[in-house]
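Remarks on the structure that follows.
2 protein chains.
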Amino acid sequence: MLFLFFKGKLELNQRKEGEKVGLIVQKFGGTSVGSAEKIKNVATRVLEEKNNGNDVVVVVSAMGKTTDVLVSLAKELSSNPSKREMDMLLSTGEQVTISLLAMALAEQGVKAVSYTGWQAGISTESIHSNARITKIDTKVIANQLAAGNVVVVAGFQGISEAGEITTLGRGGSDTTAVALAAALNADKCDIYTDVTGVFTTDPRYVKEARKLLSVSYDEMLELANLGAGVLHPRAVEFAKNYQIPLEVRSSMERESGTIIEEEASMEQNLVVRGVAFEDEITRVTVLGLPQSITSLSTIFTTLAANRINVDIIIQSTTAEDTTNLSFSIKTESLDETLQVLEDNKETLKFNRIESEVGLAKVSIVGSGMISNPGVAAEMFASLAKNQIQVKMVSTSEIKVSTVVEKEHMLNAVQVLHETFELTGAFANA
Amino acid sequence: MLFLFFKGKLELNQRKEGEKVGLIVQKFGGTSVGSAEKIKNVATRVLEEKNNGNDVVVVVSAMGKTTDVLVSLAKELSSNPSKREMDMLLSTGEQVTISLLAMALAEQGVKAVSYTGWQAGISTESIHSNARITKIDTKVIANQLAAGNVVVVAGFQGISEAGEITTLGRGGSDTTAVALAAALNADKCDIYTDVTGVFTTDPRYVKEARKLLSVSYDEMLELANLGAGVLHPRAVEFAKNYQIPLEVRSSMERESGTIIEEEASMEQNLVVRGVAFEDEITRVTVLGLPQSITSLSTIFTTLAANRINVDIIIQSTTAEDTTNLSFSIKTESLDETLQVLEDNKETLKFNRIESEVGLAKVSIVGSGMISNPGVAAEMFASLAKNQIQVKMVSTSEIKVSTVVEKEHMLNAVQVLHETFELTGAFANA
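Going line by line, the protein sequences match chains A and B.
Final position of the first sequence in the numbering used here is 429; the numbers increase by one with none missing.
Final position of the second sequence in the numbering used here is 858; the numbers increase by one with none missing.
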């Protein structure tokens, strides 16, 4: 039933202002609550939703630069602060915001009550700095909603079985919002941010970028992982698992955002939905590995054990019965990667290592690709026609990623945006 | 046994550095933890006590001006913020300090763990902004001490039965420290502050002021209530009730402070232990009250219901069968006091009100007074000899307070400090 609401035509997808939908979870990030003025604005947005006849649960992050200030205080005191104490420290940021927002709501005549993560019944794993939510006891929140209160919940935090304050790591407040929406069986989860929605590509670099009316969870996952940055992949996965419709929208502008749901009902004729990109990519090539069955698993197990994230992997066999292995990493991990490989040279038995910095990744994403086998070929042809050399390729069912030289990145994005007719293909709202 | 330790001679009262006494609760106020540097200094002080072989529980306040910053943020959002949300907001201040101190301790090689009020098992009344501690469950702290950890606890805060975060009001961190000392059966509670101890009078105004080696709980209560300001009366009362020896000492200087215990064992020959004073006092006189049995109780019940604190009260009967009533208040309460009285004129049936601003209170305190009936007379004589007019008088068993004109205040303090031989009567450490 939840899901049905977003099926069908555009008119049903885009909720009309004033339309009653029951229970809404709203999430406002750090920039949306960065000052007293901005908190007042958030209170107004909550009031509007309340005036529409909806019950509202609001999840907020720490104000603007609060987290940075706390982190630098910690660094003044310790070169390697304990994760437990960092969670204790950082969780105060959201606690400040919830109380201030509750006050701002009361000032606007809205009955509101704030709760920290532990008070809101958000249980997590007993892991600090990157815990996953294990359970939400909605009793307290449900009681407050029943009493007509807006419930303001601190994002990013929870409590472990032992009663320790934990935090959820990057994108934690998005995850809190989606998890609460799932636990409370909310009708919708609105993610308010500083952009007006999800775009075909980054509008700061490509002026023809268009806002998407809707994308599927899977597309959003690829876009999120590929650095689109508006929504954390963990939160998208959570929403997909529990079929929570999300809307990414602006906290300042009063226009509809981008709906994220199971099937993108609009624009289905579009094979490619967006072009994502990120720079500061490095390719590392390990030469002369023995052709044993275990050598591939050994090398990536070693890298993973040292928390080095590897993205694209390419293996090629040489004439000398050895294997050359290339993989891409973020450039910031290069020194550590080289160190780890050298430290394990005896076990891994490779010959030597080469690396190439100054690369970038450009990817096209769209669930329409599954039934369109020519998409990757069209992408390569288009890049070749524009003298852009592809250094590495990786594909999934709904994505093709290429590694190119960094200086060609924006050109590649522009070219692909045109090739796949994303430019001006649909309206901006 | 606890108490015995501080009985007897001076040598036993003043703990030698390095002497093992078991479990010590240390409390550091906002100025002592006002920066990363100062938190490092606090960690050093904790380390020293740990190196003496003691178990240590540390109670800290919010860093320096944190509370002020949070209060002004709240004021930007609400003219009258809810006390519940203010407690939610302000309690973050101590939570920041505990985590930073735990990190600073770890950096100095001291195993430490931080706890908020609710984690530390501090239960309070279900009242916001001024709750009293009702119960302390010491299980968590005791376990951590047994594991060899220094336990850092957030002062000023607790949790109500309903799971709400509460704060203890003014002097709350002092109260937390003393209450924990009582609950844990600690050997001593050290209150670290920005002065080196309790003085015979305020050393900022009277250069002959001397630090007291010890004062009794009752004397400290009078001194605290009379504006000496180093220690909150609630904390002193708590310490008295549970016979917890306190030491007020400097967080920066490494000298002994002032011991507060049942009987001040030193300086018992001194009749007067200190001279306290405060300015901005106003005398209000209500003229022509009917001489009914209830008029006195009615007037002060009315003032109390409006949260106006009345200090000294003097009643005099006139020839016309009416009563004149004078009382002293803080000058900041004058407007409200006059308003309340005018609003209730019909009930109270008085004739008119006079008020005199620009007054000050000067008091002498000392448990030796009980057995020395001439002390008040000596005080008045000494003030008269110096042309200082006494406008109001109030006495208790261990205190005589006088109200004088503000311009005479410091002269009166100086004169009394000499009269009762406090100047240079004992050494400064």
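Think of the CB as a built atom: it goes at the ideal place given N, C-alpha and C, for glycine as much as any other residue.
In this text, all values refer to a predicted model and were calculated from it rather than measured experimentally.
task: Can you check the region 68-109 of chain A for any alpha helix (DSSP H) of at least 4 residues that lies completely inside it and give the ranges in chain order?
output: Within the region 68-109 of chain A, the complete alpha helix (DSSP H) runs of at least 4 residues are 83-107.
query: When we look at the beta-carbon of Y192/A and count the other beta-carbons within 10 Å, is it buried (16 or more) or exposed?
result: In the first sequence, the residue the question calls residue 192/A occupies position 192. Buried is the call here.
field: Cut-off 6 angstroms between Cβ atoms - residues of its own chain near G22/A, not counting five sequence neighbours on either side
entry: For this step, residue 22/A is matched to residue 22 along the first sequence. The residues are D187.
message: With the cut-off set at 8 angstroms, would you say G717/B and T751/B are in Cβ contact?
response: If you number the second sequence from 1, residue 717/B lands on position 288. If you number the second sequence from 1, residue 751/B lands on position 322. Less than 8 angstroms divides the Cβ of G717/B from the Cβ of T751/B.
- prompt: Between the C-alpha atoms of L231/A and I758/B, what's the straight-line distance to the nearest angstrom?
  reply: Position 231 of the first sequence, counted from the start, is the residue given in the question as residue 231/A. Position 329 of the second sequence, counted from the start, is the residue given in the question as residue 758/B. If you draw a straight line from the Cα of L231/A to the Cα of I758/B, it comes to about 58 angstroms.
field: Residue range of the unbroken beta strand (DSSP E) whose run includes S602/B
entry: The residue you call residue 602/B lines up with position 173 of the second sequence. For S602/B, there is no enclosing beta strand (DSSP E); the residue is part of the alpha helix (DSSP H) that begins and ends at 601-612.
- prompt: Shortest alpha-carbon distance to G601/B belongs to which of D516/B, E593/B, A541/B?
  reply: Reading the second sequence from its first residue, position 172 is the one you call residue 601/B. Nearest Cα to G601/B within the set D516/B, E593/B, A541/B: D516/B.
message: Three or more C-beta pairs under 8 angstroms: does that hold for the region 116-133 of chain A against the region 175-184 of chain A?
response: The region 116-133 of chain A, when compared against the region 175-184 of chain A, does touch it at the 8 angstroms Cβ threshold.
message: Please report the straight-line C-alpha distance between V42/A and I98/A, rounded to a whole angstrom.
response: As a position in the first sequence, residue 42/A is number 42, starting the count at 1. As a position in the first sequence, residue 98/A is number 98, starting the count at 1. The alpha-carbon atoms of V42/A and I98/A are separated by roughly 11 angstroms.
task: Sort out for me which residues DSSP pairs E261/A with in a bridge.
output: Taking the first residue of the first sequence as 1, we reach residue 261/A at position 261. Looking at the DSSP assignment, E261/A forms a beta bridge with S216/A.
query: List, in order along the chain, the chain B residues whose C-beta lies closer than 7 angstroms to that of G163/A?
result: Looking up residue 163/A in the first sequence gives position 163. Simply Q548.
- prompt: Going by the CB atoms, is the gap between Y634/B and V582/B shorter than 8 angstroms?
  reply: Residue mapping note: residue 582/B aligns to position 153 of the second sequence, counting from 1. Residue mapping note: residue 634/B aligns to position 205 of the second sequence, counting from 1. In this structure, V582/B lies away from Y634/B, with their beta-carbon atoms at least 8 angstroms apart.
query: Assuming I260/A and V236/A make a contact with CB atoms under 8 angstroms, what is their CB distance in whole Å?
result: Residue 260/A sits at position 260 when you count from the first residue of the first sequence. Residue 236/A sits at position 236 when you count from the first residue of the first sequence. 7 angstroms between Cβ atoms; contact.
query: Name the chain A residues whose beta carbon is nearer than 9 angstroms to that of V525/B?
result: By 1-based counting over the second sequence, the position of residue 525/B is 96. Per Cβ cutoff of 9 angstroms: L70, L73, M88, L89, T92.
message: Just to confirm before moving on: does the CB-CB distance between V763/B and V833/B stay below 8 angstroms?
response: Position 334 of the second sequence, counted from the start, is the residue given in the question as residue 763/B. Position 404 of the second sequence, counted from the start, is the residue given in the question as residue 833/B. Per the sequence shown, residue 763/B should be read as Leu rather than Val. Cβ distance not < 8 angstroms, so L763/B and V833/B don't count as in contact.
message: Which residue marks the beginning of the alpha helix (DSSP H) containing A239/A, and which one marks its end?
response: Stepping through the first sequence from its first residue, residue 239/A is reached at position 239. Looking at the DSSP string, the run of the alpha helix (DSSP H) that includes A239/A is 233-242.
query: Per DSSP, what kind of secondary structure is R352/A in: helix, strand or coil?
result: Here residue 352/A refers to the residue found at position 352 when the first sequence is read from its first residue. Residue state, collapsed to three classes: strand.
task: Find the residues of chain A that neighbour E536/B, judging by a C-beta separation of less than 9 angstroms, and give them in chain order.
output: Within the second sequence, the letter at position 107 stands for residue 536/B. Neighbours of E536/B in chain A, taken as residues whose beta carbon is under 9 angstroms from its own, are L77, S78, S79, N80, P81 in chain order.
- prompt: Relative to the alpha-carbon of K790/B, which residue among I594/B, R663/B, E836/B, T723/B has its alpha-carbon at the smallest distance?
  reply: In the second sequence, counting from the first residue as 1, residue 790/B sits at position 361. Considering only alpha carbons, the answer is E836/B.
task: With DSSP collapsed to three states, give me the class of A305/A.
output: The sequence position of residue 305/A within the first sequence is 305, counting from 1. DSSP places A305/A in helix when its eight states are reduced to three.
- prompt: Does the beta carbon of K469/B come closer than 8 angstroms to any beta carbon on chain A?
  reply: Here residue 469/B is taken as the residue at index 40 of the second sequence, counted from 1. Chain A, which has a Cβ nearer than 8 angstroms to the Cβ of K469/B, makes this yes.
message: For S823/B and V475/B, what's the separation of their Cα atoms in angstroms?
response: Within the second sequence, the letter at position 394 stands for residue 823/B. Within the second sequence, the letter at position 46 stands for residue 475/B. Whole-angstrom Cα-Cα distance: 43 angstroms.
message: Going by DSSP in three states, F435/B sits in which element: helix, strand or coil?
response: Working through the second sequence from its first residue, we reach residue 435/B at position 6. Because F435/B carries a pLDDT of 25, less than 50, the predicted location of this residue cannot be relied on, and no value is offered for it.
message: With a threshold of 8 angstroms between beta-carbons, can S680/B be considered close to chain A, or not?
response: Looking up residue 680/B in the second sequence gives position 251. By this cut-off, S680/B is not an interface position.
task: Please determine, among T201/A, V25/A, A112/A, the residue with the shortest C-alpha to C-alpha distance to R273/A.
output: Translated into positions along the first sequence, residue 273/A becomes position 273. Of T201/A, V25/A, A112/A, the smallest CA-CA separation from R273/A is found for T201/A.
- request: Let me know the secondary structure DSSP gives G288/A once reduced to three states.
  value: Here residue 288/A corresponds to residue number 288 of the first sequence, with the count starting at 1. The answer is strand: DSSP assigns G288/A an E or B state.
- request: Return the residue from the list V151/A, T298/A, D279/A, R132/A that minimises the CA-CA distance to T167/A.
  value: By one-based count along the first sequence, residue 167/A stands at place 167. Looking at the Cα atoms, R132/A is the closest of the given residues.
- prompt: Shorter than 8 angstroms from the beta carbon of A789/B to some beta carbon of chain A?
  reply: As a position in the second sequence, residue 789/B is number 360, starting the count at 1. Residue-level contact check: A789/B does not touch chain A, since none of the beta carbons of chain A fall below 8 angstroms from its beta carbon.
message: Among S382/A, M220/A, V413/A, T31/A, whose alpha-carbon lies nearest the alpha-carbon of D194/A?
response: As a working note, residue 194/A is residue 194 in the first sequence. For D194/A, the nearest C-alpha among the options comes from T31/A.
Under 7 angstroms by beta carbon: chain B residues contacting E85/A: Taking the first residue of the first sequence as position 1, residue 85/A is located at position 85. E85/A reaches chain B at S528, A531, M532, S543, counting residues in chain order whose Cβ is nearer than 7 angstroms.
query: When Cβ atoms are compared, which residues of the region 22-41 of chain A fall closer than 9 angstroms to chain B?
result: S35, A36, E37, I39, K40: these are the residues of the region 22-41 of chain A whose beta carbon lies less than 9 angstroms from some beta carbon of chain B, given in chain order.
task: Alpha carbon to alpha carbon, how far is S126/A from S160/A? Give it in angstroms, no decimals.
output: Counting from 1 along the first sequence, the entry for residue 160/A is found at position 160. Counting from 1 along the first sequence, the entry for residue 126/A is found at position 126. Cα to Cα, the separation comes out at about 5 angstroms.
field: Nearest to M532/B (by Cα), restricted to the options S78/A, S91/A, T138/A
entry: By 1-based counting over the second sequence, the position of residue 532/B is 103. If we check each option's Cα against that of M532/B, S78/A comes out closest.
L223/A burial status per 10 Å Cβ neighbour count (16 or more: buried): As a position in the first sequence, residue 223/A is number 223, starting the count at 1. Buried, because 16 or more other Cβ atoms sit within 10 Å of the Cβ of L223/A.
- request: Kindly indicate which three-state DSSP category N324/A falls into: helix, strand or coil?
  value: Counted from its first residue, the first sequence places residue 324/A at position 324. In the displayed model, N324/A falls within a strand according to three-state DSSP.
- prompt: Going straight from the alpha carbon of V57/A to that of A146/A, what length do you get?
  reply: One-based indexing of the first sequence puts residue 57/A at position 57. One-based indexing of the first sequence puts residue 146/A at position 146. If I take the Cα positions, the gap works out to 12 angstroms.
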